[in-house]
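And the structure:
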């Protein structure tokens with residue numbers, strides 16, 4: 622036979638042969654009737670706040686696990702990409718000198734293009750200055766500058782702005798080429814030293 626030991630809502634201890642309705646939610650102990658030895662402890666059902674806290678912990682743990690998994694996958698992907706880049710680097714270049722030669726060739730080509738663009742910028746600036754002087758002459762003489770002159774000036778100014786942007790892009794490309802080749806060269810040296 623069993624008896625139940627529990628505390629009621631007021632905190633009063635009870636030992637009874639029948640568990641009152643609703644008491645199961647508050648927790649109780651099952652005792653042997655003769656020895657009063659504890660046979661089982663039934664913990665109280667969690668409160669809504671405890672359930673919410675458990676759910677929050679479960680979500681936090683799941684989010685942390687998902688983040689760790691994404692991080693591990695990203696590391697694996699990065700390692701695979703690095704192995705591929707290393708393989709391509711070693712297959713593409715027979716020597717460090719070959720890598721340096723290609724870098725220098727690319728930079729020389731970019732320098733030629735830049736010189737051409739800078740020459741164009743110089744010509745456009747000269748043309749624009751000449752057109753501005755002509756506009757000033759017309760205005761000083763009390764005449765309205767011709768529409769075709771103003772249109773040509775606007776086109777020249779737009780062309781100049783585009784060429785200046787092109788020169789800036791070339792400078793950026795040169796810096797990127799230097800950085801990429803410097804990185805490749807360091808990696809190549811590391812890989813060749815590890816062989």
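Residue numbers (the working numbering): 622 to 816. Note that CB positions come from ideal geometry on N, CA and C, so glycine has one too. Since we're looking at a predicted model, the values are computed, not measured.
- Bounds of the beta strand (DSSP E) holding residue 652 are 649-653.
- Residue 686 has its alpha-carbon roughly 34 Å from the corresponding atom of residue 647.
- DSSP places residue 705 in the helix class (H, G or I) of the three-state scheme.
- With fewer than 16 neighbouring CB atoms inside 10 Å of its own CB, residue 672 falls in the exposed class.
- At a Cβ-Cβ threshold of 9 Å, residue 633 and residue 653 do not count as neighbours.
- DSSP links residue 634 through a beta bridge to 628.
- Residue 649 and residue 637 have their C-alpha atoms some 11 Å from each other.
- Here residue 773 carries a helix assignment [DSSP, helix/strand/coil].
- A buried status is given to residue 777, since no fewer than 16 other beta-carbon atoms sit within 10 Å of its beta-carbon.
- With a cutoff of 9 Å on beta-carbon distance, residue 749 and residue 771 are scored as not near each other.
- Contact between residue 717 and residue 810 holds, with the beta-carbon distance rounding to 7 Å and staying under 8 Å.
- For residue 623, the three-state secondary structure derived from DSSP is strand.
- Counting only runs of at least 3 residues, the stretch 726-750 fully encloses no beta strand (DSSP E) element at all.
- The stretch 789-808 makes contact with the stretch 715-735; the number of CB pairs closer than 8 Å reaches 3 or more.
- Taken through DSSP and simplified to helix, strand or coil, residue 660 comes out as strand.
- Residue 660 and residue 651 have their C-alpha atoms some 5 Å from each other.
- Nearest to residue 774 by C-alpha distance, out of 745, 627, 792, is 745.
- Distance between residue 755 and residue 764, taken at the CA atoms: about 11 Å.
- The shortest C-alpha to C-alpha distance from residue 783 to any of 743, 766, 709, 767 is the one to 743.
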